[in-house]
Amino acid sequence: MIIKNPKFDDIRPYYEDEIPDAMKRIAASSSFPLLSSYVYPDEPVKDVRKRVAGFKTVREFQQETMSLMNKRVIDLTISDFSCTGLERLHKDKSYLYVSNHRDIVLDSSLFQYFLFNNGFDTTEITFGANLMMNQLIVDIGKSNKMFKVERPGGNIKEFYKGSMHLSEYIRYVIKEKKQSVWIAQRNGRTKDGNDSTDQGIIKMFCMSDPEDKVKALSELHIVPVSISYEWESCDILKALELYESQYTKYTKKPGEDLNSILTGIIQYKGQVHIEICQPISKAELTSLDSLTKNEYHKAVAALIDSRINTAYRLYPNNFIAHDIRYGNTRYQDMYTPEQRKLFEHHLRKLDKYDTCDLEQLRDIFLGIYSNPVDNK
416 MIIKNPKFDD IRPYYEDEIP DAMKRIAASS SFPLLSSYVY PDEPVKDVRK RVAGFKTVRE
476 FQQETMSLMN KRVIDLTISD FSCTGLERLH KDKSYLYVSN HRDIVLDSSL FQYFLFNNGF
536 DTTEITFGAN LMMNQLIVDI GKSNKMFKVE RPGGNIKEFY KGSMHLSEYI RYVIKEKKQS
596 VWIAQRNGRT KDGNDSTDQG IIKMFCMSDP EDKVKALSEL HIVPVSISYE WESCDILKAL
656 ELYESQYTKY TKKPGEDLNS ILTGIIQYKG QVHIEICQPI SKAELTSLDS LTKNEYHKAV
716 AALIDSRINT AYRLYPNNFI AHDIRYGNTR YQDMYTPEQR KLFEHHLRKL DKYDTCDLEQ
776 LRDIFLGIYS NPVDNK
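This is the structure we're talking about:
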């Protein structure tokens, strides 16, 4: 039985006794027929509506809906889905999974699908407040063990307070609720192909136990996770955002997050691989104990980066992009002429954005795919 802690009511997922009402709201939503047609394409909407409205637990929702949703994504848009490293985990232990972040929804969702299908409990998942666009998304997210994370704002005092609150909640989930947590290595998706852990995230983890920095992290059982897509999720959208950001402060357009979520789900991704990396050990953290706190946070972030970049799986597209970008044939043995032709065809989709400096836009796009080669 979960002991309810009102201290975290503003960010926590739904409790089990809140699930039945959330399921009824989801089933009654005007968007339900569209969702139903994707997850349950061969069933009448009224039958699906009745079934979903009758779910009573998180597990039912994850098993009967979310698992099917992930299977549909894999069947329709992924040619090969693989995940390795499960032998590094223990089913009776709670972990803090720190993952690179390439897709708003799928990075964590596909990871949950793999854990679930291998007899592991699913994790709680960070959920950006900016993504809570309406009641339907809130209900789906909070019924799927997602908890709210506020984006950094301009008020330093409020940001500190929010970071402390988040740090305390993560520690509470792992130590008291005995649940694992999934969190991205940085605020927002990696858009340029460079996966790097924000040392501010490490600092946040430590805030709820400031007296002993080694203990603060060792008892969270940090496990880096590396996800690699053959065809980068939202690659063209990311390139356009990076291009615009060179000239002005980028402001998201209305509906942009939702568009990125949907694009990520339906866009063809080819091969997708998830590597559960070697957990960060207490011995590794202890070896850094003599560092100042700032140096310690930076060193732990670098340790996570090393694990993620080493485990990142490179595909022919990465090597093709690198050769095109730098005008050589250094990696020509890593791909076929047919694979290069297919990538070049995709690259030419940028030509329609002729109000941009196409050479610059093209270089940014190639960087998304080629930077992981240099990082690895």
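Residue numbers (this note's numbering): 416 to 791.
C-beta atoms are modelled at their ideal positions from N, C-alpha and C, and glycine is treated no differently.
By DSSP, does residue i sit in helix, in strand, or in coil?
{"i": "L530", "result": "helix"}
{"i": "F447", "result": "helix"}
{"i": "T707", "result": "coil"}
{"i": "G577", "result": "helix"}
{"i": "S643", "result": "strand"}
{"i": "Y587", "result": "helix"}
{"i": "L635", "result": "coil"}
{"i": "C498", "result": "strand"}
{"i": "Y429", "result": "coil"}
{"i": "F423", "result": "helix"}
{"i": "T744", "result": "coil"}
{"i": "Q686", "result": "strand"}
{"i": "E626", "result": "coil"}
{"i": "F734", "result": "helix"}
{"i": "M548", "result": "coil"}
{"i": "F535", "result": "coil"}
{"i": "G556", "result": "helix"}
{"i": "G615", "result": "helix"}
{"i": "V397", "result": "Look at the range of the chain in this structure, 416 to 791, and you will see that residue 397 is not part of it."}
{"i": "V715", "result": "helix"}
{"i": "V788", "result": "helix"}
{"i": "G670", "result": "coil"}
{"i": "S582", "result": "helix"}
{"i": "I691", "result": "strand"}
{"i": "S648", "result": "coil"}
{"i": "G603", "result": "coil"}
Cα-Cα, which of the options is closest to residue i?
{"i": "I739", "options": "L729, A726, E759 and Q594", "result": "E759"}
{"i": "H688", "options": "I426, Y528 and T770", "result": "Y528"}
{"i": "L757", "options": "L729, E645 and Y662", "result": "E645"}
{"i": "N532", "options": "L483, K697, N570 and Y510", "result": "L483"}
{"i": "Y429", "options": "V596, V553 and Q614", "result": "V553"}
{"i": "E634", "options": "I642, D490, I695 and Q682", "result": "I695"}
{"i": "L718", "options": "I651, V638 and N420", "result": "V638"}
{"i": "D800", "options": "A544, D518, S445 and K439", "result": "This structure leaves residue 800 out entirely; the chain is present only between 416 and 791."}
{"i": "S514", "options": "K506, R763 and L525", "result": "L525"}
{"i": "K419", "options": "D462, E656, S595 and V588", "result": "V588"}
{"i": "L530", "options": "D789, R474 and V788", "result": "R474"}
{"i": "A736", "options": "D778, R728 and G534", "result": "D778"}
{"i": "L546", "options": "R728, S451 and N602", "result": "N602"}
{"i": "G685", "options": "K471, E433 and S494", "result": "S494"}
{"i": "S643", "options": "D769, W597 and V788", "result": "V788"}
Mind checking residue i: buried by the 16 CB within 10 Å criterion, or exposed?
{"i": "Y575", "result": "exposed"}
{"i": "P567", "result": "exposed"}
{"i": "M548", "result": "exposed"}
{"i": "T605", "result": "buried"}
{"i": "L449", "result": "exposed"}
{"i": "L521", "result": "buried"}
{"i": "S443", "result": "The residue you asked about is not Ser; residue 443 is Ala in the sequence shown. So A443 ends up on the exposed side."}
{"i": "E710", "result": "exposed"}
{"i": "R763", "result": "exposed"}
{"i": "G670", "result": "exposed"}
{"i": "A437", "result": "buried"}
{"i": "L765", "result": "buried"}
{"i": "N786", "result": "buried"}
{"i": "K508", "result": "exposed"}
To the nearest angstrom, report how far apart residue i and residue j are at their CA atoms.
{"i": "T701", "j": "S675", "result": "41 Å"}
{"i": "S523", "j": "K563", "result": "14 Å"}
{"i": "L673", "j": "E539", "result": "21 Å"}
{"i": "R755", "j": "Y453", "result": "32 Å"}
{"i": "K784", "j": "C649", "result": "A small fix is needed here, since residue 784 is Tyr in this sequence, not Lys. So the two alpha carbons sit approximately 12 Å from each other."}
{"i": "H761", "j": "K653", "result": "14 Å"}
{"i": "F476", "j": "K560", "result": "11 Å"}
{"i": "A468", "j": "T725", "result": "44 Å"}
{"i": "T678", "j": "S705", "result": "46 Å"}
{"i": "K590", "j": "Q775", "result": "48 Å"}
{"i": "I691", "j": "R722", "result": "9 Å"}
{"i": "T663", "j": "G782", "result": "20 Å"}
{"i": "F620", "j": "P435", "result": "33 Å"}
{"i": "L504", "j": "R466", "result": "34 Å"}
{"i": "S732", "j": "S446", "result": "Before going on, a small fix: residue 732 reads as Asn here, not Ser. Straight-line Cα distance between these residues: approximately 36 Å."}
{"i": "K422", "j": "L703", "result": "33 Å"}
{"i": "H636", "j": "E458", "result": "42 Å"}
{"i": "Y746", "j": "F734", "result": "6 Å"}
{"i": "Q594", "j": "K572", "result": "29 Å"}
{"i": "H580", "j": "R586", "result": "10 Å"}
{"i": "T541", "j": "R728", "result": "24 Å"}
{"i": "P625", "j": "E502", "result": "32 Å"}
{"i": "L511", "j": "D720", "result": "15 Å"}
{"i": "S623", "j": "G615", "result": "14 Å"}
Could you tell me if the beta carbon of residue i falls within a distance shorter than 7 Å of some heavy atom in the ligand FMN?
{"i": "K713", "result": "As far as ligands go, the structure on display features none, and thus does not contain the ligand FMN."}
- Message: Quick check on the DSSP output: what are the complete beta strand (DSSP E) runs of length 3 or more inside the region 452-512, in order along the chain?
- Response: List check, beta strand (DSSP E) in window: 493-499.
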